[in-house]
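Those letters in the sequence shown? Residues 3 to 258, by my numbering.
C-beta atoms are modelled at their ideal positions from N, C-alpha and C, and glycine is treated no differently.
These numbers were taken from a predicted model, which means no experiment stands behind them.
These notes concern the structure reproduced below.
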Amino acid sequence: MTSSSTLAVPETRPVPRHVAIIMDGNGRWATRRHLPRTAGHAKGVQAVRRVVEACGRRGVEYLTLFAFSSENWRRPVDEVSLLMRLFVQALEREVDKLQEQGVRLHVVGDLSAFEPRLQELIAQAQARTAANDRLHLCVAANYGGRWDILQATRAMLAARPELAAHPERIDEAALAPHLSMAWAPEPDLFIRTGGEQRISNFLIWQLAYTELYFTDRYWPDFGDEEIAAAFEWYRSRERRFGRTSAQLAAGTAAGA
Ligand code: IPE
Ligand code: IPE
Ligand code: MG
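Right, dumping it as structure tokens:
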């Protein structure tokens with residue numbers, strides 16, 4: 003798919019086509035209530051359901067959720083196993099609903115690190131929903147932006163070994179098809195809940211021209227109203243992609 007924001011100016015619409023979210027703040031949500039952090043993760047699953055529905059209703063085509071980063075293995079073993087259990091449970095319980103809603107599920111990341119049972123459930127859920135196209139729901143699990151660029155580089159060289167002898171021929175168009183989300187347009191809107199203003203090794207290549215929205219709201223408290231507020235903010239942005247405001251107003255910019 004040729005939808006690179008650096009190779010061509012993308013079309014902008016009032017509703018973001020692709021929304022990417024760092025679902026952060028589960029632990030703090032729970033700690034504030036004197037609950038174990040894991041209670042926050044369980045509550046976070048409900049927010050996923052609300053946000054998938056809200057995005058589907060509002061005409062979003064692609065929704066990418068950061069569920070587990072390549073650095074999250076550094077957490078206490080108990081918390082990591084609970085997160086894995088919740089992932090398994092969600093796949094077991096939610097796929098029927100996704101199917102009914104016309105949602106196609108994708109999982110991106112280095113899945114080889116997961117238990118065989120989880121890998122199998124992921125493969126089944128992806129296969130089962132493969133014919134749907136109302137909303138593409140992409141879950142990033144054991145995902146890291148640097149991992150993605152490195153695996154894409156390896157895949158590109160495996161597919162075109164002659165590039166190793168001609169590095170000057172390596173360009174965006176050669177690399178981009180091997181990135182793990184090459185099938186989707188780049189995100190228009192990035193949302194991070196929980197108050198931190200950082201990317202935490204999420205889609206570092208794909209976020210080159212994405213509008214970045216940060217909110218203090220913890221993920222378990224996020225839902226339709228908060229999506230509406232983020233979308234309203236998004237509508238107020240002027241997406242220039244390197245051009246000037248005057249060019250945009252005149253509609254004369256190349257690729258406008
Ligand atoms: C996000 O919430 C969920 C995952 C990283 C899996 P956190 O668990 O990071 O919550 P905080 O940031 O500690 O509050
Ligand atoms: C990012 O959140 C990863 C996910 C939401 C899955 P973290 O809470 O792990 O990020 P840092 O470590 O605070 O940057
Ligand atoms: Mg966090």
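Beta-carbon proximity of V90 to L120, cut-off 7 Å: yes
Contact under 7 Å by Cβ, H43 with L88: yes
Sub-7 Å separation of A232 and Y215 beta-carbons: yes
At least three beta-carbon pairs within less than 8 Å, the region 130-145 to the region 3-18: no
Rounded C-alpha distance that separates G147 from R35: 33 Å
Residue from L37, T8, S7, K45 whose Cα sits closest to the Cα of G225: K45
Span of the beta strand (DSSP E) around E122: Premise fails: E122 lies in the alpha helix (DSSP H), 118-130, not in any beta strand (DSSP E).
Residues that T40 bridges to, as DSSP identifies them: Paired residues: none, contrary to the question.
Below 5 Å from a heavy atom of ligand 1 - residues by beta-carbon: D26, G27, N28, G29, R30
Where D98 falls, given that 16 or more other Cβ within 10 Å makes a residue buried: exposed
Cα-Cα separation between Y64 and R156, rounded to whole angstroms: 26 Å
DSSP state of E228 mapped onto helix, strand, coil: helix
The region 72-84 / the region 99-108 touching (three or more Cβ pairs under 8 Å): no
Those residues which DSSP pairs with C140 across a bridge: T66, H108
Option nearest L209 by Cα separation, candidates E188, H168, R162: E188
Pairwise C-alpha distance: A127 and L93: 7 Å
Ligand 2 heavy atom lying under 6 Å from the CB of F89: no
N-terminal and C-terminal residue of the beta strand (DSSP E) that V21 is part of: 20-24
Span of the alpha helix (DSSP H) around R87: 79-102
Nonlocal neighbours in the same chain, by C-beta distance under 7 Å from W149, ignoring five residues either side: S72, D112
Reference G244; option with closest CA among P222, Y211, S238: Y211
Straight-line gap, E227 to R30 (C-alpha atoms, nearest Å): 21 Å
Rounded straight-line distance, which links the Cα of F192 to that of Q199: 11 Å
8 Å contact criterion, which W221 and D80 should meet: CB distance rounded: With a Cβ gap of about 20 Å, W221 and D80 do not count as contacting.
S83 CB to nearest heavy atom of ligand 2 below 6 Å: no
Cα-Cα separation between S202 and T246, rounded to whole angstroms: 30 Å
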